[in-house]
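So the structure is just underneath, and the comments pick up after that.
4 protein chains.
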Amino acid sequence: MTAMKLGLIGLGKMGGNMRERIRQAGHTVIGYDRDPELSDVGSLTELVAGLEGPRVVWVMVPAGGPTQSVVDELGDLLEAGDTVVDGGNSRWTDDEKHAEELAAKGIGFVDAGVSGGVWGLENGYALMVGGDKEHVDRLQPIFEALKPEGPYGYVHAGKVGAGHFSKMVHNGIEYAMMQAYAEGWELLQAADSVTDVREIFRSWEQGTVIRSWLLDLAVNALDKDEHLEQLRGYAEDSGEGRWTVEAAIDNAVPLPAITASLFARFASRQDDSPQMKMIAALRNQFGGHSVESAK
Amino acid sequence: MTAMKLGLIGLGKMGGNMRERIRQAGHTVIGYDRDPELSDVGSLTELVAGLEGPRVVWVMVPAGGPTQSVVDELGDLLEAGDTVVDGGNSRWTDDEKHAEELAAKGIGFVDAGVSGGVWGLENGYALMVGGDKEHVDRLQPIFEALKPEGPYGYVHAGKVGAGHFSKMVHNGIEYAMMQAYAEGWELLQAADSVTDVREIFRSWEQGTVIRSWLLDLAVNALDKDEHLEQLRGYAEDSGEGRWTVEAAIDNAVPLPAITASLFARFASRQDDSPQMKMIAALRNQFGGHSVESAK
Amino acid sequence: MTAMKLGLIGLGKMGGNMRERIRQAGHTVIGYDRDPELSDVGSLTELVAGLEGPRVVWVMVPAGGPTQSVVDELGDLLEAGDTVVDGGNSRWTDDEKHAEELAAKGIGFVDAGVSGGVWGLENGYALMVGGDKEHVDRLQPIFEALKPEGPYGYVHAGKVGAGHFSKMVHNGIEYAMMQAYAEGWELLQAADSVTDVREIFRSWEQGTVIRSWLLDLAVNALDKDEHLEQLRGYAEDSGEGRWTVEAAIDNAVPLPAITASLFARFASRQDDSPQMKMIAALRNQFGGHSVESAK
Amino acid sequence: MTAMKLGLIGLGKMGGNMRERIRQAGHTVIGYDRDPELSDVGSLTELVAGLEGPRVVWVMVPAGGPTQSVVDELGDLLEAGDTVVDGGNSRWTDDEKHAEELAAKGIGFVDAGVSGGVWGLENGYALMVGGDKEHVDRLQPIFEALKPEGPYGYVHAGKVGAGHFSKMVHNGIEYAMMQAYAEGWELLQAADSVTDVREIFRSWEQGTVIRSWLLDLAVNALDKDEHLEQLRGYAEDSGEGRWTVEAAIDNAVPLPAITASLFARFASRQDDSPQMKMIAALRNQFGGHSVESAK
Chain A
1 MTAMKLGLIG LGKMGGNMRE RIRQAGHTVI GYDRDPELSD VGSLTELVAG LEGPRVVWVM
61 VPAGGPTQSV VDELGDLLEA GDTVVDGGNS RWTDDEKHAE ELAAKGIGFV DAGVSGGVWG
121 LENGYALMVG GDKEHVDRLQ PIFEALKPEG PYGYVHAGKV GAGHFSKMVH NGIEYAMMQA
181 YAEGWELLQA ADSVTDVREI FRSWEQGTVI RSWLLDLAVN ALDKDEHLEQ LRGYAEDSGE
241 GRWTVEAAID NAVPLPAITA SLFARFASRQ DDSPQMKMIA ALRNQFGGHS VESAK
Chain G
1001 MTAMKLGLIG LGKMGGNMRE RIRQAGHTVI GYDRDPELSD VGSLTELVAG LEGPRVVWVM
1061 VPAGGPTQSV VDELGDLLEA GDTVVDGGNS RWTDDEKHAE ELAAKGIGFV DAGVSGGVWG
1121 LENGYALMVG GDKEHVDRLQ PIFEALKPEG PYGYVHAGKV GAGHFSKMVH NGIEYAMMQA
1181 YAEGWELLQA ADSVTDVREI FRSWEQGTVI RSWLLDLAVN ALDKDEHLEQ LRGYAEDSGE
1241 GRWTVEAAID NAVPLPAITA SLFARFASRQ DDSPQMKMIA ALRNQFGGHS VESAK
Chain F
2001 MTAMKLGLIG LGKMGGNMRE RIRQAGHTVI GYDRDPELSD VGSLTELVAG LEGPRVVWVM
2061 VPAGGPTQSV VDELGDLLEA GDTVVDGGNS RWTDDEKHAE ELAAKGIGFV DAGVSGGVWG
2121 LENGYALMVG GDKEHVDRLQ PIFEALKPEG PYGYVHAGKV GAGHFSKMVH NGIEYAMMQA
2181 YAEGWELLQA ADSVTDVREI FRSWEQGTVI RSWLLDLAVN ALDKDEHLEQ LRGYAEDSGE
2241 GRWTVEAAID NAVPLPAITA SLFARFASRQ DDSPQMKMIA ALRNQFGGHS VESAK
Chain H
3001 MTAMKLGLIG LGKMGGNMRE RIRQAGHTVI GYDRDPELSD VGSLTELVAG LEGPRVVWVM
3061 VPAGGPTQSV VDELGDLLEA GDTVVDGGNS RWTDDEKHAE ELAAKGIGFV DAGVSGGVWG
3121 LENGYALMVG GDKEHVDRLQ PIFEALKPEG PYGYVHAGKV GAGHFSKMVH NGIEYAMMQA
3181 YAEGWELLQA ADSVTDVREI FRSWEQGTVI RSWLLDLAVN ALDKDEHLEQ LRGYAEDSGE
3241 GRWTVEAAID NAVPLPAITA SLFARFASRQ DDSPQMKMIA ALRNQFGGHS VESAK
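Protein chains in written order, with my numbering: chain A, 1 to 295; chain G, 1001 to 1295; chain F, 2001 to 2295; chain H, 3001 to 3295.
This is the structure:
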């Protein structure tokens, strides 16, 4: 293995752990974060100065404005022959813009979808990468350091954008898988004949068609709180589920289960449902059905 | 027109108004209800005694047990050649049972789906009828009295069960139409650029593809309460939406919009969503995403 | 009524009929179309020259590129104080761009969603309008000419974009209403007990909760072809259904019935379903279930 | 371990493998099948005669009529104190009937949902069991023989019916998980930027949130046929998905993702979609949109 020197921007929950895993693999990482407690250097300029050409800088900041700002700054600080990797949760449609902006200065661009969450430091991060082969190849030692051991967990998915697109679809699938277990759990909880839903879930962890890591996590959660009484049925969405549905619409691909899962999250966040007010109003209009008044 | 003599069992909101409309058409109605204040006679025996053979008795009581009891009683009280009409909201699968039970005694059976709600007394009731031609024909004067004027509002839909089946599908369609307006209303309410959703709905009442009686009712409701602030987003379901989905499953017919409308009602009645607790639990497990605690 | 002089660009099926209806109301219309057979003038320059300031020009060309081109040209040809109306099917997100571009030259902008299809010439067009009051007011005589008689069919829905947004939601609702009737029709066709689905639909045209203009059209279609045997189950989508779902996603509004209707159209256009190939492959993998080979 | 003697009725793909696995564990199995080539004995009478009281007989025949027949016959052949296990895919609502029928003769009843498919012989079968503790306990050595090694793969889920109910929900979850991967696969296949969908799926097998046994199977399938060109997008359903949705309706539990998955299978089996014919007919009616003619 060739030890590399990497600039890493963004040292939050994900970035911080990634810095540690890359260092454990023997590479040098200069990390920058706006929080001085986390940062190795005082500025992006300092970070760039600490690297030698051809430089490689990994960006791990929130999608949208923050990533755009960092890409703009790096465009000014880096030189032709350097490479920028966006490992954040950017929308794939941003990647081509960033690639063009940097390409105008001779700087390479790679997009990397990163999966693994809080377990990544220990187990490795699954990586889905998009970009030109020459840029992707330059990053290979870092990808090796981050990915899980063994033949899986890394793919060069296609050209610029394909990494984030693949990660986005991964998350869309994740939404529907979670929804699948959640629907099954609610139905079992509702059934009279069933006495121990947690043990049913546990029994499924081996030998069944539906065994999975998510199922293992569900059992972990039920072991902490058998009926999830400590939680509210409220779920945020990170944006990637939305983009998945939008990409499906762009491509005229029907996506009923993933979209149902996204909508279930939207609904979970409403204190009262405006659309169901209208249903109640209509029922009252034509049938004289009684309605419930707002509190 | 031949004036008829009809027995009518069940004089609630629907049955009471139907009695009035049939009488207004010049027929004689002997009505029975468990509530003596509503009833013309003291018992079913008395009702049957007041009719002359071949007797015609219209049953307008709640589906399931109550209808079954009345059919059983009528089987004992009536004679061969008489006819029973079930105009309640029975599940179509009950009709064949009732028809067989009565046919064993030579009594005819007709099932009638009745639409029109509280507006039926004035506008007439739409009728969907199932049964053998000979039994249906006998009822024709009563059907004429109940239905709206003009060429619509009545159909002999097929054999026994077809009347309630058609009414059930009518209600399934109704669920999805209501859901359609409700979704559109919520989306317009959420849009920044839109300032007057009620007037948009009102403008649609003529000249648009989506004009309908339900739309008129929606505007009525918004005129009473522009943002439906007096209502809670809570909707019961009467059973016919459930049966529609079950019939679709029996026939392997995909019914995505109607089923989505039914599920939206189920969800509207949950104070907290068990399945979304599981989603929250899983997000917390793999991503360390924060969760909201139950109150 | 003040007779107005209007420039109208785009004289296709919609624009041509609108020209006729506006003229019938006593206004002067100078129409331009790329097809010289339809056009009143030879060029946009000629059209603008034929109007007197403050000029009003109605654009009725396909959304996207064509509308953008015309707006650009009009920006060059018109003068401060003139007004442009986009009555095409533009996405509401385009409206603000167009308004800003024209406002920079002192030209007003109004967006108008127009419903009514081939029936509009006779019955009038429902109009949903967005823009500043001063620009909208200037158009009032034209809106009066186009809209149906009576108190409906016109609304000033809000600021720029609100007209197209409202029309888009109208179309989203339309998708789900059509899907509602279509699902009900398929289920009735599949039921053993039902003998005459067309007459059931016809009976619903009056006295029912689900009576509507779309239902009337369904009966018209069934009168021409009782079992729709002449048609293939294939449906295009015009874009507005897609935008409705995207707007819902932007606003975190769950839209299950409308989205299901859109996805049903996507699926209808696939000769074979890639996702169902994967389902078949998985069933074969774990269960040894037999699969059907591609033809 | 106490070696047991078990009667096993139904030696098809599942039953045959289960006989082998139980024998490998050291128990004696007398198998009966209508196919003499597979059967150990010539009749049920002979099978029962070969066992000693208290006898245990495992039924592994198709749900519905065949299972009912065998239960009826066993009711006549067995004696008080014996136990019948239904390990087939019976609907949970049948279990209570069977239990009552046998209880009237003092015969115990246990329902067992069995998962594992063609891989069960080697890996073990996951078992979900319902019934009274005394009957379930008697079967423990057989359950031990069938289940996978380790702490998972077996649960006593509740009273009679709970085993099949749990297995049914397992299969409902399975439908939605398969649909999740299938939707993601179709979307990736449709994306321009993505060049190697199979390798993306393979990369997900480790380190991702969505890793699972079904994902492994998907990769197996893609390794045999990268774009699934040999398959048609056609999927049967075994009944348990339907029952899951029906159980959800009974319990007023919204099940959008699982139901969407079921409906996608229904649609996959239609050569042409009746409901989309109606959509096409309506579009033609109001918009003059062109339609595609049936072939």
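The beta-carbon is built from N, C-alpha and C at its ideal position, and this holds for glycine as well. Here the structure is a predicted model, which means the values were calculated and not measured.
query                                                                                                                                                                                                   : result
In whole angstroms, what separates the C-alpha of glutamine 3270 of chain H from that of alanine 2221 of chain F?                                                                                       : 22 angstroms
Can you give me the start and stop residues for the beta strand (DSSP E) that leucine 2127 of chain F sits inside?                                                                                      : 2126 to 2130
What is the residue span of the alpha helix (DSSP H) that aspartate 1223 of chain G lies within?                                                                                                        : 1213 to 1224
Taking just the CA atoms, how far does aspartate 1111 of chain G sit from aspartate 1072 of chain G?                                                                                                    : 16 angstroms
What residues are listed by DSSP as bridge partners for tyrosine 1032 of chain G?                                                                                                                       : G:Ile1009
Suppose the cutoff is 8 angstroms on Cβ atoms and the five residues either side in sequence are ignored; what does the same chain contact list for leucine 2011 of chain F look like?                   : Arg2019, Gly2031, Tyr2032, Asp2033, Asp2035, Leu2038, Ser2039 and Met2060
Could you give the first and the last residue of the continuous beta strand (DSSP E) run that contains tyrosine 1154 of chain G?                                                                        : 1154 to 1158
Out of G:Leu1047, G:Met1276, G:Lys1097 and G:Thr1045, state which residue places its alpha-carbon closest to the alpha-carbon of threonine 1067 of chain G.                                             : G:Lys1097
Entirely within the segment 132 to 187 of chain A and at least 4 residues each: give me those alpha helix (DSSP H) ranges in chain order.                                                               : 133 to 138 and 140 to 146
Please classify serine 3203 of chain H: does DSSP put it in a helix, a strand, or coil?                                                                                                                 : helix
Along chain A, which residues have their Cβ under 9 angstroms away from the Cβ of alanine 2297 of chain F?                                                                                              : The structure shown does not extend to residue 2297 of chain F, since chain F spans only 2001 to 2295, so no value can be given for it.
In chain A, what lies closer than 7 angstroms to valine 3153 of chain H by C-beta?                                                                                                                      : The question names valine, but residue 3153 of chain H in the sequence shown is glycine. Residues of chain A passing the Cβ test: Ser203, Gln206 and Gly207.
Below 8 angstroms on the Cβ atoms is my contact criterion, and I expect alanine 1176 of chain G with alanine 2180 of chain F to pass it. Report the Cβ-Cβ distance as a whole number of Å.              : 4 angstroms
So alanine 2248 of chain F and leucine 1187 of chain G are in contact, right, with Cβ under 8 angstroms, and what is the actual spacing, rounded?                                                       : 6 angstroms
Taking glutamate 1183 of chain G as the reference, which of F:Val2041, F:Thr2259 and F:Pro2054 has the closest Cα?                                                                                      : F:Thr2259
Spell out whether any CB of chain G is found under 8 angstroms from the CB atom of tryptophan 185 of chain A.                                                                                           : yes
Taking the alpha-carbon of glycine 3161 of chain H as reference, which of H:Asp3095, H:Gln3285, H:Thr3083 and H:Gly3065 has the nearest alpha-carbon?                                                   : H:Asp3095
Looking only at C-alpha atoms, which of F:Ala2049, F:Asp2223, F:Arg2242 and F:Arg2091 sits nearest to glycine 2163 of chain F?                                                                          : F:Arg2091
Please compile the residues from chain A whose C-beta is within a distance smaller than 9 angstroms of the C-beta of lysine 3159 of chain H.                                                            : Asp192, Ser193, Val194 and Thr195
Buried or exposed: which applies to aspartate 1076 of chain G, given that a residue is buried once 16 or more other Cβ atoms fall within 10 Å of its Cβ?                                                : exposed
Helix, strand or coil for aspartate 3250 of chain H per DSSP?                                                                                                                                           : helix
With 8 angstroms set as the bound, which would you pick, yes or no: does the beta-carbon of alanine 1260 of chain G sit closer than that to a beta-carbon of chain H?                                   : yes
The alpha helix (DSSP H) that contains tryptophan 2092 of chain F, what's its start and end?                                                                                                            : 2092 to 2103
If you measure beta-carbon to beta-carbon, which residues of the segment 3083 to 3116 of chain H are closer than 9 angstroms to chain A?                                                                : Trp3092, Asp3095, Glu3096, Ser3115 and Gly3116
Here's a check: name, in chain order, each residue in its chain whose Cβ is nearer than 8 angstroms to the Cβ of valine 3245 of chain H, leaving out the five neighbours to either side.                : Gly3172, Leu3255, Ile3258, Thr3259 and Leu3262
If you draw a straight line from the alpha carbon of valine 1084 of chain G to that of arginine 1023 of chain G, how long is it in whole angstroms?                                                     : 19 angstroms
Compile a chain-ordered list of the residues in the segment 3114 to 3134 of chain H whose CB is closer than 9 angstroms to at least one CB of chain A.                                                  : Ser3115, Gly3116, Gly3117, Trp3119, Gly3120, Asn3123, Gly3124, Tyr3125, Ala3126, Leu3127, Met3128 and Gly3130
By Cβ distance, which residues of its chain are closer than 7 angstroms to isoleucine 210 of chain A, with the 5 residues on each side in sequence left out?                                            : Trp204
Starting from phenylalanine 2286 of chain F, follow its DSSP beta bridges and name the residues at the other end.                                                                                       : Looking at the DSSP assignment, phenylalanine 2286 of chain F forms no beta bridge with any residue, so it has no partner.
Give me, in chain order, the residues of the same chain whose beta-carbon lies closer than 6 angstroms to that of leucine 2047 of chain F; leave out the 5 immediate sequence neighbours on both sides. : Gly2007, Ile2030, Tyr2032 and Val2041
Using a Cβ cut-off of 8 angstroms, pull out every chain G residue sitting near leucine 3255 of chain H, in sequence order please.                                                                       : Phe1263
Under 8 angstroms, Cβ to Cβ, is there at least one residue of chain H near lysine 2277 of chain F?                                                                                                      : yes
Please compile the residues from chain A whose C-beta is within a distance smaller than 7 angstroms of the C-beta of glutamate 2246 of chain F.                                                         : Glu246 and Ile249
Kindly say whether phenylalanine 2165 of chain F, judged by its beta-carbon, lies nearer than 8 angstroms to any beta-carbon of chain A.                                                                : no
So, does the CB of methionine 2178 of chain F fall closer than 8 angstroms to a CB anywhere in chain H?                                                                                                 : yes
Which residues, taken in chain order from the segment 1213 to 1227 of chain G, show a beta carbon closer than 9 angstroms to some beta carbon of chain F?                                               : Trp1213, Leu1214, Leu1215 and Leu1217
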